[in-house]
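Structure first, commentary second.
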Amino acid sequence: MSKTKEESTAKKTVRGRTSGQFRCLNCFERLTPPPGAKIFTCPNCGYAWRLSWFGPGEPRIRGPVWDVNEAQTQKSMAEKGGN
Amino acid sequence: MALSRKIAYIDLTNRRVRTAPIPLEMRRRYLGGRGLDMYLLYNHVKPGADPLGPDNVALVSAGLLTGTLASASARVHIAGKSPLTGLVGSANMGGFFGPEMRLAGFDHLVITGKADGPVYLWIHDGEIEIRDASHLWGHDAHQTQTLVRDELGDDDIQVMTIGVAGENLVRFACVMTSLKNAAGRTGMGALFGSKNLKAIAARGRMDIKIAFPEEALDYNKEIITQVTSAKVSKTMQKLGTLFIWGTTNSTGLVRVRNFQSNQIPHADDIEPESIEEEMIGTAGCFGCQVHCRGRYFIKKGPYTGAYVEGPEYTSLGAFGAEVGCTTKQTVLVGNHLVNTYGLDTLETGSMIAWAMELFEKGILTTKDTDGLDLRFGNDEAVIEAVHQIAQRRGIGDILAEGPLKAAEKIGKDAIKYLIHVKGMSNLHSDERPTPALALNIATASRGSDHLRSRPAIDLYHLPEKVLRKIFGNPVPYDGPLTSDYRDYEGKPWEVLWQEMCYETVDCLGICKYHTVFLGPNMPNFSEWPKLIYLNTGLEFTPKDLWDIADRAYTMERLFNLREGLTKEMDWLPDRYFDEKTDRGLPVVRGKSIDRDKFRKMVDEYYKLHEWDENGQPTEKKLKALGLENEPTHKL
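Line by line, the protein sequences give chains L and U. Residue numbers 1 to 83, in our numbering, belong to the letters of the first sequence in order. Residue numbers 84 to 718, in our numbering, belong to the letters of the second sequence in order.
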């Protein structure tokens, strides 16, 4: 096996990475909150998320805004005729 | 060369040690680590052997790349017939022991018989001594490591050891190294205890020669960048594996109060970010740049001042969601206790949670628990239960027997409330909304297990194109694949692919966080051949590695079938089918597993494996893998 001169899978992977976004766990939309935001509501589905930042420009979901999301879920289930 | 290490056969009954080289043919067939362990397990354990008797064998194996210039190559694998399940016993751990064992000249230890009193093994520069360990017996896993280093006069000695739980033959006792690294599952600590084997110490100065050192370093830099630039790794650097909680509890994929709910709301104190407030830094295993091991001091209560590493995500369930506790103090103390006692944190938490549900339902009462109030959310009772299990006191003596034996002893309807597969408890995850993950735990070779074949990226809603790129290599797959984690279609292939992926890293001795587990763009079959070649000089194609993984996994299946596995055991507890989830997002709420669809999934999974309708590997399959004449006793 000889060393290839083509760009390796590892390098290609690194080149393709994105940052500054997180996915809404309800609708899976990629969301871009303002830097440092502690709460962000998904403009697509209305679910609200508490955020933490594990690096500059690197948001993640810490947890739901419980009451907001539970109300959204109750509404959604009622519309579907669920529990 | 990295391939010059030996295998040692250690007969504890007669106190004899014999060493032998490892034929290249066996490397090419099994690589090392878990793969070669499965060959040794099938060949050295007599059918029907008592897992806690002298006929069982304790195997300790470094991976093919352990201790080399491959990133995160810290892993060492331990195997035997499981005292917990009676099937494959298999667990691996990071830390520094594996590389040190290789530096001391050995890749594999085959430990047979039973010593007539407590002993430990001292492995150094090609030599192995069996030494008296009477003075170590009764010490916890942390104290033992210090005592061994003091006795041998070298602070750089690496030690793997059992704690009091292993000595007391708790069937889910683990083997520990460093402060928190645990070969956690299937009761390998009880296996050591049954042999009167307290510890193994290693120190070596024998170089591991790398085939192409400069190129290996260069390539490793690329791998490191690939791994550390991933969001999942950056998150782990800050929060450890606890980070997973943010997604799972927010969605409703967590096992709460044994199995009575799937989300624990308003539990802010046990959120990873809250636990992080206690951290004083992070630590890493050999050759790893991620450093996912959180470091803490316990700041209040009877354990004030204790230095703790971890807790892992698993402990967040064991001392949080599963037992209905919501204080980080309980998580940190529980984690500290299982690490010092040498207990599998997952099994410990699951057994306590199960006992709590039995208590709630009146199957257990304070008469059975000597007054211990096993109500969900009782932090003090949870901590006391850990002590009782490790010391085999009170109700702990029954729980120490593991799920099935404990259920038999308690009787009544106790077994109905167990969340186990094949006699091993599940992670604090709720798989009712996720058929792929449910299939994973139902069919995994060592019991309910998230580290054998869990396609965790199934939760990420990745586009089909991306899924095809991952799951279509190195073996082409043109069947269905969907982004929806609630689907049943295409998931058996994901589970099988993941089995091969995890088996390969376990054979190589690389951490699972450095492959496709929690991050989709991590190194896998595409990168490993070059990594192996530059470090060892051995040439493999991606498909060769897949076939090796398949061979090793099939050996596990053969062992299990020989020891009593039936098709009925590749199945879920009834509650997965009969009870619906009650919380979480709309996508997961009101979900249970559909029996008929799940049966089809299992059947398809068998077919993809080329197993017959009863889950037996076909003759054709065995021949293709060169396993038709096993056991062959080549090692």
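We put the beta carbon where it would ideally sit given N, CA and C, even for glycine. Keep in mind that this is a model prediction, so the values were computed, not measured.
With 8 Å as the limit, tell me which residues of the segment 12-41 of chain L have their beta carbon closer than that to any beta carbon of chain U; keep them in chain order.
Thr13, Val14, Gly16, Arg17, Ser19, Arg23, Leu25, Asn26, Phe28
Quick one: is the Cβ of U/Asp138 within less than 6 Å of any heavy atom of the ligand ZN?
Ligands displayed in this structure: none; no statement on the ligand ZN is therefore possible.
For a contact meaning CB atoms closer than 9 Å, what does L/Pro56 contact in chain U?
Position 56 of the first sequence, counting from 1, holds the residue named residue 56 of chain L. Those do not exist, as L/Pro56 stays about 11 Å from chain U at its closest Cβ, beyond 9 Å.
Pull up the DSSP beta-bridge partners for U/Met243, would you.
For the purposes of this step, residue 243 of chain U is identified with residue 160 of the second sequence, where counting begins at 1. Note: U/Met243 sits in a beta bridge opposite U/Thr260, U/Ile283.
Quick check: what's the CA-CA separation for U/Pro546 versus L/Thr18?
Within the second sequence, residue 546 of chain U is the residue found at index 463, counting from 1. Within the first sequence, residue 18 of chain L is the residue found at index 18, counting from 1. Roughly 16 Å between the two C-alpha positions.
Express the C-alpha separation of U/Phe179 and U/Glu622 in angstroms, rounding to a whole number.
Counted from its first residue, the second sequence places residue 622 of chain U at position 539. Counted from its first residue, the second sequence places residue 179 of chain U at position 96. In this structure, the alpha-carbon of U/Glu622 lies about 27 Å from that of U/Phe179.
When the Cα of L/Ile61 is compared with those of U/Ala265, U/Leu142, U/Asn332, U/Val242, which residue comes out closest?
Reading the first sequence from its first residue, position 61 is the one you call residue 61 of chain L. Closest option to L/Ile61, Cα to Cα, is U/Asn332.
Using a Cβ cut-off of 9 Å, pull out every chain U residue sitting near L/Pro43, in sequence order please.
The residue you call residue 43 of chain L lines up with position 43 of the first sequence. Residues of chain U passing the Cβ test: none, with the nearest at roughly 17 Å.
Does the beta carbon of U/Asn604 sit closer than 7 Å to a beta carbon anywhere in chain L?
Translated into positions along the second sequence, residue 604 of chain U becomes position 521. Closer than 7 Å: yes.
What's the gap between the Cα of U/Ser344 and the Cα of U/Thr664?
Translated into the one-based positions of the second sequence, residue 344 of chain U becomes position 261. Translated into the one-based positions of the second sequence, residue 664 of chain U becomes position 581. Computed Cα separation, rounded: 6 Å.
Using a beta-carbon distance below 7 Å, is L/Pro64 in contact with chain U?
If you number the first sequence from 1, residue 64 of chain L lands on position 64. The C-beta of L/Pro64 comes closer than 7 Å to at least one C-beta of chain U.
Do we get a CB-CB distance below 7 Å when we pair L/Ala10 with the residues of chain U?
Taking the first residue of the first sequence as position 1, residue 10 of chain L is located at position 10. At least one chain U Cβ lies under 7 Å of L/Ala10.
Quick one: what does DSSP say L/Glu58 is sitting in, helix, strand or coil?
For the purposes of this step, residue 58 of chain L is taken as the residue at position 58 of the first sequence. The answer is strand: DSSP assigns L/Glu58 an E or B state.
Cutoff 7 Å: U/Gly727 Cβ touching any chain L Cβ:
Because chain U spans 84 through 718 in this model, residue 727 of chain U falls outside it and cannot be assessed.
Are the CB atoms of U/Gly270 and U/Met254 within a distance shorter than 7 Å?
On the second sequence, residue 254 of chain U is found 171 positions in, with the first residue counted as 1. On the second sequence, residue 270 of chain U is found 187 positions in, with the first residue counted as 1. One point to set straight first is that residue 254 of chain U is Arg, not Met, in the sequence displayed. A contact, by the Cβ cut-off of 7 Å.
Does any residue of chain L bring its CB to less than 7 Å from the CB of U/Lys321?
Stepping through the second sequence from its first residue, residue 321 of chain U is reached at position 238. Yes, U/Lys321 counts as interfacial toward chain L.
3 or more residues per run - each beta strand (DSSP E) lying fully within the segment 292-329 of chain U
none
U/Asp553: first and last residue of the uninterrupted alpha helix (DSSP H) it sits in:
As a working note, residue 553 of chain U is residue 470 in the second sequence. According to the sequence displayed, residue 553 of chain U carries Ile and not Asp. It spans 547-554 - the alpha helix (DSSP H) in which U/Ile553 sits, taken as one unbroken run.
Tell me whether U/Thr318 is buried or exposed, calling it buried when 16 or more other Cβ atoms sit within 10 Å of its Cβ.
The residue given as residue 318 of chain U occupies position 235 in the second sequence. By the 10 Å Cβ count, U/Thr318 comes out buried.
Sequence-distant residues of its chain with Cβ nearer than 6 Å to U/Thr722 (five each side left out)
Nothing can be reported for residue 722 of chain U, as the shown portion of chain U is limited to 84 through 718.
Report the neighbours of U/Asp348 on chain L: residues whose CB is nearer than 7 Å to its CB, in chain order.
The count along the second sequence starts at 1 and reaches residue 348 of chain U at position 265. The identity of residue 348 of chain U in the sequence shown is Pro, whereas the question assumes Asp. Residues of chain L passing the Cβ test: Trp66.
DSSP puts U/Arg504 in a beta bridge; with which residues?
Stepping through the second sequence from its first residue, residue 504 of chain U is reached at position 421. Just to set this straight, residue 504 of chain U is Val in the shown sequence, not Arg. U/Met507.
DSSP state of U/Ile540, grouped into three classes?
Indexing the second sequence from 1 puts residue 540 of chain U at position 457. Here U/Ile540 sits in helix by DSSP.
Near U/Ser675, which residues of its chain fall below 8 Å by C-beta distance, leaving aside the five closest residues on each side in sequence?
As a working mapping, residue 675 of chain U is identified with position 592 in the second sequence. The answer, listed in chain order, is Arg515, Tyr659, Phe660, Asp661, Glu662, Lys663, Thr664.
Please classify U/Asn97 as buried or exposed, where buried requires at least 16 neighbouring CB atoms within 10 angstroms.
Residue numbering aside, residue 97 of chain U sits at position 14 when the second sequence is read from its first letter. U/Asn97 is exposed by the Cβ-count criterion.
At least one CB of chain L closer than 7 Å to the CB of U/Ile161: is that the case?
To locate residue 161 of chain U, count along the second sequence from 1; it is residue 78. No, no contact with chain L.
For U/Cys368, which option in U/Phe189, U/Gly400, U/Asn264, U/Ile446 has the closest C-alpha, if you only look at C-alpha atoms?
As a position in the second sequence, residue 368 of chain U is number 285, starting the count at 1. Taking only the C-alpha atoms, the option nearest U/Cys368 is U/Asn264.
Span of the alpha helix (DSSP H) around U/Tyr659:
For the purposes of this step, residue 659 of chain U is taken as residue 576 along the second sequence, with counting starting at 1. Unbroken alpha helix (DSSP H) run through U/Tyr659: 658-661.
DSSP three-state assignment for U/Trp220, whether helix, strand or coil:
Reading the second sequence from its first residue, position 137 is the one you call residue 220 of chain U. Three-state DSSP puts U/Trp220 in coil, outside helix and strand.
Contact list for the segment 566-582 of chain U against chain L, Cβ threshold 9 Å:
Ser566
Can you grab the Cα-Cα spacing for the pair L/Asn83 / U/Ile381, in whole Å?
Taking the first sequence and counting its residues from 1, one reaches residue 83 of chain L at position 83. Taking the second sequence and counting its residues from 1, one reaches residue 381 of chain U at position 298. Because L/Asn83 carries a pLDDT of 47, less than 50, the predicted location of this residue cannot be relied on, and no value is offered for it.
Cβ-based contacts, 7 Å cut-off: residues of the segment 626-639 of chain U near chain L:
none
Would you say U/Leu252 and U/Ala273 are within 7 Å of each other, going by their C-beta atoms?
Translated into the one-based positions of the second sequence, residue 252 of chain U becomes position 169. Translated into the one-based positions of the second sequence, residue 273 of chain U becomes position 190. Against a cut-off of 7 Å, the Cβ pair of U/Ala273 and U/Leu252 comes out as a contact.
Please check if any C-beta of chain L sits within less than 7 Å of the C-beta of U/Lys717.
The residue you call residue 717 of chain U lines up with position 634 of the second sequence. Chain L, which has no Cβ nearer than 7 Å to the Cβ of U/Lys717, makes this no.
Give the secondary structure of U/Ala436 by DSSP, where H, G and I count as helix, E and B as strand, and everything else as coil.
For the purposes of this step, residue 436 of chain U is taken as residue 353 along the second sequence, with counting starting at 1. Three-state result, U/Ala436: helix.
Short-range partners of chain L found in the segment 644-678 of chain U, where Cβ spacing is below 9 Å:
Lys663, Asp665, Arg666, Gly667, Leu668, Pro669, Val670, Arg672, Gly673
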